[in-house]
Every structure is written in C-alpha cells, then in structure tokens.
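A.B. asks: First to last, the protein sequences are chains A and B. Numbered according to my numbering, the first sequence spans residues 3 to 261. Numbered according to my numbering, the second sequence spans residues 3 to 261. C-beta: ideal position from N, C-alpha, C; glycine also. Please see the structure below; I have some questions.
Number of protein chains: 2
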Amino acid sequence: MTVDSREIDKFLVELLQNVGKSLRDDALKKKSVDTKKNRNDLVTNFDKKTERYVNSELKRAFSEATIVSEEGYGDLVTDMSGLVFFVDPIDGTMNFVKRGDDFASMIGAYIDGKPLIGAIIDVMGNNIYHGGKEIGLFINDERIDIPRNLPLVEGLVDVSAPMALANKFNVQDVIKKSSGFRVYGSAGIIFGHLLTGKEVMYMSYLAPWDLAAGRVLCEAAGMSVVSIDDAPINMLKSQVVIVGTQKVVSEALTTVKTR
Amino acid sequence: MTVDSREIDKFLVELLQNVGKSLRDDALKKKSVDTKKNRNDLVTNFDKKTERYVNSELKRAFSEATIVSEEGYGDLVTDMSGLVFFVDPIDGTMNFVKRGDDFASMIGAYIDGKPLIGAIIDVMGNNIYHGGKEIGLFINDERIDIPRNLPLVEGLVDVSAPMALANKFNVQDVIKKSSGFRVYGSAGIIFGHLLTGKEVMYMSYLAPWDLAAGRVLCEAAGMSVVSIDDAPINMLKSQVVIVGTQKVVSEALTTVKTR
Numbered sequence: 003m004t005v006d007s008r009e010i011d012k013f014l015v016e017l018l019q020n021v022g023k024s025l026r027d028d029a030l031k032k033k034s035v036d037t038k039k040n041r042n043d044l045v046t047n048f049d050k051k052t053e054r055y056v057n058s059e060l061k062r063a064f065s066e067a068t069i070v071s072e073e074g075y076g077d078l079v080t081d082m083s084g085l086v087f088f089v090d091p092i093d094g095t096m097n098f099v100k101r102g103d104d105f106a107s108m109i110g111a112y113i114d115g116k117p118l119i120g121a122i123i124d125v126m127g128n129n130i131y132h133g134g135k136e137i138g139l140f141i142n143d144e145r146i147d148i149p150r151n152l153p154l155v156e157g158l159v160d161v162s163a164p165m166a167l168a169n170k171f172n173v174q175d176v177i178k179k180s181s182g183f184r185v186y187g188s189a190g191i192i193f194g195h196l197l198t199g200k201e202v203m204y205m206s207y208l209a210p211w212d213l214a215a216g217r218v219l220c221e222a223a224g225m226s227v228v229s230i231d232d233a234p235i236n237m238l239k240s241q242v243v244i245v246g247t248q249k250v251v252s253e254a255l256t257t258v259k260t261r
Numbered sequence: 003m004t005v006d007s008r009e010i011d012k013f014l015v016e017l018l019q020n021v022g023k024s025l026r027d028d029a030l031k032k033k034s035v036d037t038k039k040n041r042n043d044l045v046t047n048f049d050k051k052t053e054r055y056v057n058s059e060l061k062r063a064f065s066e067a068t069i070v071s072e073e074g075y076g077d078l079v080t081d082m083s084g085l086v087f088f089v090d091p092i093d094g095t096m097n098f099v100k101r102g103d104d105f106a107s108m109i110g111a112y113i114d115g116k117p118l119i120g121a122i123i124d125v126m127g128n129n130i131y132h133g134g135k136e137i138g139l140f141i142n143d144e145r146i147d148i149p150r151n152l153p154l155v156e157g158l159v160d161v162s163a164p165m166a167l168a169n170k171f172n173v174q175d176v177i178k179k180s181s182g183f184r185v186y187g188s189a190g191i192i193f194g195h196l197l198t199g200k201e202v203m204y205m206s207y208l209a210p211w212d213l214a215a216g217r218v219l220c221e222a223a224g225m226s227v228v229s230i231d232d233a234p235i236n237m238l239k240s241q242v243v244i245v246g247t248q249k250v251v252s253e254a255l256t257t258v259k260t261r
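Shown next as structure tokens:
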C-alpha cells in the first residue's frame with residue numbers, strides 16, 4: 003500500500019481541530035459518566051461520541067485502513083499489515099470529568115507496522131502536536147525544536163500514580179535520581195511535555211491507543227520508546243512503557259527491576 | 003491600624019500584573035540557578051530580582067507594613083501585629099527552570115494575624131486569583147464561583163511528591179480514597195486548582211510564603227486550611243498543611259497518622 007504521509011498528517015490535524023472545537027464546547031456540560039475496570043476508570047458519552055465521529059471520518063477517507071480504538075467502535079485487528087489507525091478519543095477522561103483541562107485526543111497512523119504519523123491535541127490548550135519521521139514535527143504550524151538529550155538528573159519525570167506510589171519495578175529509585183516527580187494524569191498531555199522538553203521521561207502501563215501517537219512523535223524527536231523489559235514494543239497489546247530522552251531511558255532501564 | 007482591603011487587593015493585582023509581564027519575558031531566558039537546602043531546592047537570579055522589586059513596591063506604598071519573604075530581602079518578623087505581607091516571588095522554581103510553565107508568584111496580606119487579601123498569579127496562564135473574605139474572590143475581573151464541598155471520593159488530590167512516595171503520615175490511604183493523584187509542583191498553581199474545583203485537596207510541608215496567599219483565598223472560598231496535627235496554623239513557621247473542601251479535610255484528618 004502506498005500512502006502519502008503529508009496528506010495523512012493534514013487530514014489528522016483537521017480532524018483533531020474539529021474534535022477539539024467540539025470537546026471544548028462539551029467540557030463544561032453535564033456528562034454521563036460510567037466506570038469500566040474500576041471506579042476510577044471512567045468513560046463518558048463524549049468519549050463514545052468522539053470515537054464514533056473520528057472512526058467514521060477515518061473510514062470515509064481511508065476505506066482500506068483498519069482502526070484500533072478504545073471504546074469499542076474500531077475493528078478487530080490481529081496484525082499490523084497495511085494502514086492502521088489507533089484512536090484514543092479522550093485521553094485523561096478523569097481530567098476531562100473532574101478538571102475540565104489537561105486531557106487530549108490522539109490518533110496514531112502506522113503502515114505495515116512502522117510508525118508513520120502521530121497527532122495529539124491538548125484540547126483546552128488548543129495545541130496540536132503532529133508529524134512523523136518523514137515530514138518532521140510540528141506544534142500547530144510551527145516546527146518543534148528537538149528537545150536536548152538530557153540525563154535523568156537534569157529533568158522532571160512523570161510516572162503513573164499507582165506505579166509510583168507502590169514503587170512498582172523499583173521506579174522510585176528512578177524518580178529519586180531525577181529533578182522531580184510530576185503527575186499530570188494524561189498520556190497525551192505528557193507526550194506534549196516530552197516533545198517540548200518540559201519533562202524528560204514518562205513511564206506507565208499503556209494500551210495501544212494510549213501509546214500509538216506519542217510513540218510516532220517521540221521516536222521522530224529522537225527519543226527512546228521501550229517496553230520495561232527492553233523487548234520490542236508490540237502495538238497490539240498493553241505493556242509497561244518507558245518513553246524519554248535516550249540518556250534517561252538508558253539510565254531508567256538499568257535502575258528498574260522487572261523481577 | 004485601619005486598612006482598606008479593596009485598595010490592598012487592587013495594589014497587589016497591579017503589582018502581580020507587572021511581575022507576570024516581566025517573568026513571562028524572562029521565562030525563556032538563560033537563568034543563573036543556585037541550589038539551597040538540597041540539589042532540587044532551586045533559586046534563580048529571577049527569584050531574587052522579583053522579590054527585591056515586590057518588596058520595594060510594598061514598602062513604598064505601605065511604609066508601616068512588615069514583609070516575610072522567601073529569598074532574604076524581607077524583615078525579621080517575630081509577631082503578626084499590624085499589616086504583614088508574605089511574598090513568594092517565584093513559587094515552583096523547579097517548574098520555572100525546567101518547564102517554563104506551571105509556576106506562580108504570590109502575595110498574602112494579614113492584619114493583626116487575620117487573613118486579609120491573597121493574590122496569586124499563574125504566570126504563564128496569565129490568570130490572577132485574588133480577594134479575601136471581605137471583598138470576595140476573583141479570577142482577574144471575574145467573580146469565582148465557590149467550589150462545591152465535594153467528598154474525597156469525588157475529587158483529585160495533590161500531595162507533595164516526597165511525602166506521597168514515602169507514604170509519610172499514611173497519606174497514601176487518603177490518596178486511595180480519592181478519584182486520583184496529581185502532582186503539579188507549585189503550591190500557587192494548586193491553590194488555583196482548588197479555587198476552581200479542579201482538585202479537592204492539597205497536602206504539603208509549606209513555609210509561610212508558600213501558604214499565606216492560598217490560605218486567605220481558600221478560607222474565603224469556605225475551604226478548610228489546617229495543620230496536620232489539627233493545631234491552629236502558625237504563620238511564622240513552616241508546617242505540614244492540609245487544604246481542601248471541608249468534607250475532604252475532615253476525612254483526611256481521620257486518615258492521616260501523625261505518630
């Protein structure tokens with residue numbers, strides 16, 4: 003399959019502009035909230051509505067593509083051949099519900115398993131991070147300055163709260179070597195921080211739609227994206243992932259304990 | 003001493019507007035960074051410059067007032083009589099240095115020990131939270147809707163990272179009862195979240211200048227501000243403080259362990 007990465011990038015940016023506009027209108031509205039795996043795993047009517055909209059627009063424009071998405075309106079995808087989109091309609095649903103800020107919407111495009119284009123909108127900040135290795139990286143229309151390859155001691159790290167509090171994988175030793183610990187509560191928001199050098203590492207248990215767009219963008223920025231056991235990333239399953247500058251990820255991998 | 007709280011409020015807002023303008027210009031500049039108590043306790047040339055400017059403006063307008071401030075340009079204050087200003091020129095210096103966002107500047111005014119006016123600027127967001135019990139609460143020129151008295155189970159909590167990671171005072175049990183844990187890394191930024199209902203509790207070890215403005219504002223919003231041993235707040239010393247909705251603070255006090 004031949005694809006035009008510039009055309010896909012443009013399409014995803016315009017799609018996320020529409021999503022952003024709609025979610026900003028919805029952010030203050032009363033939401034219908036359900037729980038999924040536990041009382042703090044939320045889904046709202048707006049997650050579902052947004053995913054239906056995004057998936058139908060993608061199918062309309064790219065009829066041969068398959069879609070992996072969070073809320074169940076995607077395809078059953080068992081291999082990465084062809085053009086595959088990963089859709090997270092609202093990333094950081096807890097922030098969407100409780101704060102009304104620091105939530106994102108994300109789409110990642112892969113071709114035959116290879117990262118192609120990522121697009122993430124910080125909805126309330128109204129900034130879209132997008133691009134890929136071929137076409138470069140942008141915030142809205144401006145090129146992103148690639149962040150410096152800082153070591154752990156010089157940067158802030160964001161780690162999933164349950165993992166950090168329970169010191170899973172000995173992660174508190176990673177945190178102690180850093181400049182400080184932050185928890186923003188949305189992978190998409192944190193990928194934006196990594197791309198602009200505000201944080202140097204993110205570690206969390208991520209589903210494919212949590213990781214897909216951020217992986218494309220961070221790899222294109224020269225950062226490392228690895229699974230905690232240093233195995234290749236598998237885009238069809240959930241896994242514990244470390245994303246960050248090359249120096250930080252290599253320090254983190256020597257500090258975490260996986261058994 | 004008679005004071006006009008409306009006049010003080012207006013003065014502090016204008017002062018913080020100037021501070022904000024100057025710090026936004028400085029946020030991207032190269033900073034001269036020193037450490038204080040440990041390698042992650044930072045102070046920059048801009049903290050010092052801002053404090054000198056704020057203190058001199060306050061002394062010019064309120065010559066009989068005394069000033070308690072972070073970087074050493076204030077007075078030696080041993081009691082709370084008369085008009086006392088608490089100044090934190092840059093709150094969240096680590097965020098200022100590493101992120102260039104989510105840092106604040108804060109001024110709290112007390113009269114004979116009683117909270118009078120608080121003013122906090124989210125510098126990069128360019129929002130000033132200000133007011134007090136007498137005159138009401140504002141974001142810039144708009145009145146703040148007092149946040150609802152939510153219980154712990156319905157809101158996000160922000161706890162100082164070292165305290166949360168080490169489970170000091172059994173605080174992880176408080177976190178587990180909440181909707182989720184966030185770490186934004188600046189007291190001033192978090193007070194803004196509390197005042198707008200984005201978070202329901204903040205717990206940290208705070209110096210007088212970290213707490214002064216936020217205490218005025220949060221108490222005026224009907225929230226509770228207590229020391230962890232439920233003793234009265236002492237504005238002339240550092241202490242572990244819990245700030246939040248009345249329901250949350252009362253739940254937190256029954257969950258934390260201080261011995």
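#1: Taking its Cβ as the centre, do 16 or more other Cβ atoms sit within 10 Å of A166 (chain B), making it buried, or is it exposed?
#2: For a contact meaning CB atoms closer than 9 Å, what does Y186 (chain B) contact in chain A?
#3: Would you check if the region 136-148 of chain B and the region 211-224 of chain B touch, i.e. whether three or more CB-CB distances between them fall below 8 Å?
#4: Which one of B:V218, B:G199, B:N128, B:L85 has the shortest CA to CA distance from E16 (chain B)?
#5: How many angstroms separate the CA atom of I92 (chain A) from the CA atom of R150 (chain B)?
#6: Just how far apart, CA to CA, sit V1 (chain A) and I244 (chain A)?
#7: Are the beta-carbon atoms belonging to M126 (chain B) and D90 (chain B) less than 8 Å from one another?
#8: Check the Cβ of A163 (chain A) against every Cβ in chain B and list those closer than 7 Å, keeping chain order.
#9: Quick one, which of A:L44, A:S24, A:V161, A:E156 has its alpha-carbon nearest K51 (chain A)'s?
#10: In its own chain, which residues sit with a C-beta less than 7 Å from the C-beta of N57 (chain B), not counting the 5 before and 5 after it?
#11: Using a 10 Å radius around the Cβ and a threshold of 16 neighbouring Cβ atoms, would you call A168 (chain B) buried or exposed?
#12: Whole angstroms is fine: what's the gap from L213 (chain A)'s alpha carbon to I177 (chain B)'s?
#13: Short check: CB of A215 (chain B) to CB of G133 (chain B), under 8 Å?
#14: Taking the straight line between their C-alpha atoms, what separation do you get for V5 (chain B) and F98 (chain A)?
#15: Between G182 (chain B) and the rest of its own chain, which residues show a CB-CB distance below 8 Å, the 5 nearest in sequence each way excluded?
#16: If you follow the alpha helix (DSSP H) that Y55 (chain A) is part of, which residue opens it and which one closes it?
#17: Leaving out five residues on either side along the sequence, give the residues of the same chain with a beta carbon under 6 Å from the beta carbon of G115 (chain B).
#18: At what residues does the beta strand (DSSP E) containing M203 (chain A) begin and finish?
#19: Once you ignore the five residues that flank T260 (chain A) on each side, which residues in its own chain have a CB closer than 7 Å to its CB?
#20: Measure the C-alpha to C-alpha separation of F87 (chain A) and D49 (chain A) and round it to an integer number of angstroms.
#21: For M96 (chain B), go through chain A and note every residue whose CB falls closer than 8 Å to its CB, in chain order.
#22: Got a sec: which bits of the region 201-213 of chain B sit with their beta carbon under 9 Å from any beta carbon on chain A, in order along the chain?
#23: Since D103 (chain A) meets chain B, which of its residues come closer than 8 Å, beta carbon to beta carbon?
#24: Bridge partners of V227 (chain A), per DSSP?
#25: Does Q248 (chain B) pass the burial test, meaning 16 or more other C-beta atoms within 10 Å, or should it be called exposed?
#26: List, in order along the chain, the chain A residues whose C-beta lies closer than 9 Å to that of Q174 (chain B)?
#27: Checking the sheet assignment: what are the DSSP bridge partners for I2 (chain A)?
#28: Where V228 (chain A) and I235 (chain B) are concerned, what is the direct C-alpha to C-alpha distance, given to the nearest angstrom?
#29: Cβ of K100 (chain B) less than 8 Å from any chain A Cβ?
#30: Thinking V161 (chain A) and S206 (chain A) are a contact (beta carbons under 8 Å), I'd like their distance in whole angstroms, please.
#31: Could you list which residues in chain B have their beta carbon closer than 7 Å to that of N42 (chain A), in chain order?
#32: Distance check for E59 (chain A) and I113 (chain A), CA to CA, integer angstroms please.
#33: Using a beta-carbon distance below 8 Å, is I191 (chain A) in contact with chain B?
#34: Report the option in A:I10, A:T37, A:M96, A:L197 whose CA atom is closest to the CA atom of E61 (chain A).
#35: Please report the distance separating the alpha-carbon of N47 (chain B) from that of M96 (chain B).
#36: Any heavy atom of the ligand ADP closer than 7 Å to the CB of V45 (chain A)?
C.D. replies: Taking the definition as stated:
#1: To locate residue 166 (chain B), count along the second sequence from 1; it is residue 164. Taking every protein chain shown into account, the CB of A166 (chain B) has 16 or more other CB atoms within 10 angstroms, so this residue is buried.
#2: Taking the first residue of the second sequence as position 1, residue 186 (chain B) is located at position 184. What Y186 (chain B) touches in chain A: R184, V185, Y186.
#3: A contact exists between the region 211-224 of chain B and the region 136-148 of chain B.
#4: Within the second sequence, numbered from 1, the residue matching residue 16 (chain B) stands at position 14. Residue B:N128 is the option with its Cα nearest to E16 (chain B).
#5: Residue 92 (chain A) sits at position 90 when you count from the first residue of the first sequence. Residue 150 (chain B) sits at position 148 when you count from the first residue of the second sequence. Separation of I92 (chain A) and R150 (chain B) (C-alpha to C-alpha, rounded to the nearest whole angstrom) is 25 Å.
#6: Residue 1 (chain A) lies beyond the range of chain A shown here (3 to 261); nothing can be said about it.
#7: Position 124 of the second sequence, counted from the start, is the residue given in the question as residue 126 (chain B). Position 88 of the second sequence, counted from the start, is the residue given in the question as residue 90 (chain B). No, Cβ-Cβ distance for M126 (chain B) and D90 (chain B) is not below 8 Å.
#8: Sequence index remark: in the first sequence, residue 163 (chain A) carries index 161 (1-based). What A163 (chain A) touches in chain B, judged by beta-carbon distance under 7 Å, is G182, F183, going in chain order.
#9: Translated into positions along the first sequence, residue 51 (chain A) becomes position 49. A:S24 is the residue among A:L44, A:S24, A:V161, A:E156 whose C-alpha sits nearest the C-alpha of K51 (chain A).
#10: By 1-based counting over the second sequence, the position of residue 57 (chain B) is 55. The residues are I69, S71, Y75, G76, V89.
#11: Indexing the second sequence from 1 puts residue 168 (chain B) at position 166. With fewer than 16 other Cβ atoms within 10 Å, it is exposed.
#12: Residue 213 (chain A) sits at position 211 when you count from the first residue of the first sequence. Residue 177 (chain B) sits at position 175 when you count from the first residue of the second sequence. Near 26 Å, if we compare the C-alpha coordinates of I177 (chain B) and L213 (chain A).
#13: Taking the first residue of the second sequence as 1, we reach residue 215 (chain B) at position 213. Taking the first residue of the second sequence as 1, we reach residue 133 (chain B) at position 131. No, the Cβ-Cβ distance between A215 (chain B) and G133 (chain B) is not below 8 Å.
#14: Indexing the second sequence from 1 puts residue 5 (chain B) at position 3. Indexing the first sequence from 1 puts residue 98 (chain A) at position 96. The straight-line gap from Cα to Cα measures roughly 42 Å.
#15: Locating residue 182 (chain B) in the second sequence gives position 180, where the first residue counts as 1. Correct list, in chain order: L158, V159.
#16: What you label residue 55 (chain A) is simply residue 53 of the first sequence in a count that begins at 1. Unbroken alpha helix (DSSP H) run through Y55 (chain A): 47-63.
#17: On the second sequence, residue 115 (chain B) is found 113 positions in, with the first residue counted as 1. In chain order, M82 place their CB closer than 6 Å to the CB of G115 (chain B), counting only its own chain and leaving out the 5 sequence neighbours on each side.
#18: Numbered from its first residue, the first sequence carries residue 203 (chain A) at position 201. Boundaries of the beta strand (DSSP E) harbouring M203 (chain A): 203-208, taken from the DSSP string.
#19: Working through the first sequence from its first residue, we reach residue 260 (chain A) at position 258. If you ignore the 5 residues before and after T260 (chain A), its C-beta comes within less than 7 Å of the C-beta of F171, I230, D231, all in its own chain and listed in chain order.
#20: As a first step, residue 87 (chain A) must be located in the first sequence, where it is residue number 85. As a first step, residue 49 (chain A) must be located in the first sequence, where it is residue number 47. Rounded to the nearest whole angstrom, the C-alpha separation of F87 (chain A) and D49 (chain A) is 17 Å.
#21: Taking the second sequence and counting its residues from 1, one reaches residue 96 (chain B) at position 94. Going along chain A in sequence order, the residues near M96 (chain B) (Cβ under 8 Å) are L158, S181, G182.
#22: Answer set for the region 201-213 of chain B: E201, V202.
#23: Here residue 103 (chain A) refers to the residue found at position 101 of the first sequence. For D103 (chain A), the neighbours in chain B by C-beta distance under 8 Å run, in chain order, K200.
#24: Against the first sequence, residue 227 (chain A) aligns to sequence position 225. For V227 (chain A), which the question treats as bridged, DSSP gives the partners A:V245.
#25: Residue numbering aside, residue 248 (chain B) sits at position 246 when the second sequence is read from its first letter. Under this definition Q248 (chain B) is an exposed residue.
#26: Counting from one through the second sequence, the residue named residue 174 (chain B) turns up at place 172. Going along chain A in sequence order, the residues near Q174 (chain B) (Cβ under 9 Å) are L167, A168.
#27: What is shown of chain A runs 3 to 261, which leaves residue 2 (chain A) out entirely.
#28: Position 226 of the first sequence, counted from the first residue, corresponds to residue 228 (chain A). Position 233 of the second sequence, counted from the first residue, corresponds to residue 235 (chain B). In a straight line, the C-alpha of V228 (chain A) is about 47 Å away from that of I235 (chain B).
#29: Translated into positions along the second sequence, residue 100 (chain B) becomes position 98. Answer yes: the Cβ-Cβ gap between K100 (chain B) and chain A drops below 8 Å somewhere.
#30: Here residue 161 (chain A) refers to the residue found at position 159 when the first sequence is read from its first residue. Here residue 206 (chain A) refers to the residue found at position 204 when the first sequence is read from its first residue. In this structure V161 (chain A) touches S206 (chain A) by the C-beta definition: roughly 7 Å separates them, less than 8 Å.
#31: Position 40 of the first sequence, counting from 1, holds the residue named residue 42 (chain A). Residues of chain B passing the Cβ test: S181, G182.
#32: Locating residue 113 (chain A) in the first sequence gives position 111, counting from the first residue. Locating residue 59 (chain A) in the first sequence gives position 57, counting from the first residue. Straight across, the Cα-Cα distance linking I113 (chain A) with E59 (chain A) is about 18 Å.
#33: Translated into positions along the first sequence, residue 191 (chain A) becomes position 189. No, I191 (chain A) lies away from the interface with chain B (no Cβ there is under 8 Å from its Cβ).
#34: Numbered from its first residue, the first sequence carries residue 61 (chain A) at position 59. Looking at the sequence shown, residue 61 (chain A) is not Glu but Lys. K61 (chain A) has its Cα closest to that of A:I10, out of A:I10, A:T37, A:M96, A:L197.
#35: Here residue 47 (chain B) is taken as the residue at index 45 of the second sequence, counted from 1. Here residue 96 (chain B) is taken as the residue at index 94 of the second sequence, counted from 1. Distance between the alpha carbons of N47 (chain B) and M96 (chain B) is about 13 Å.
#36: By its list of ligands, the structure shown contains no ligand whatsoever, and the ligand ADP lies outside what it can speak to.
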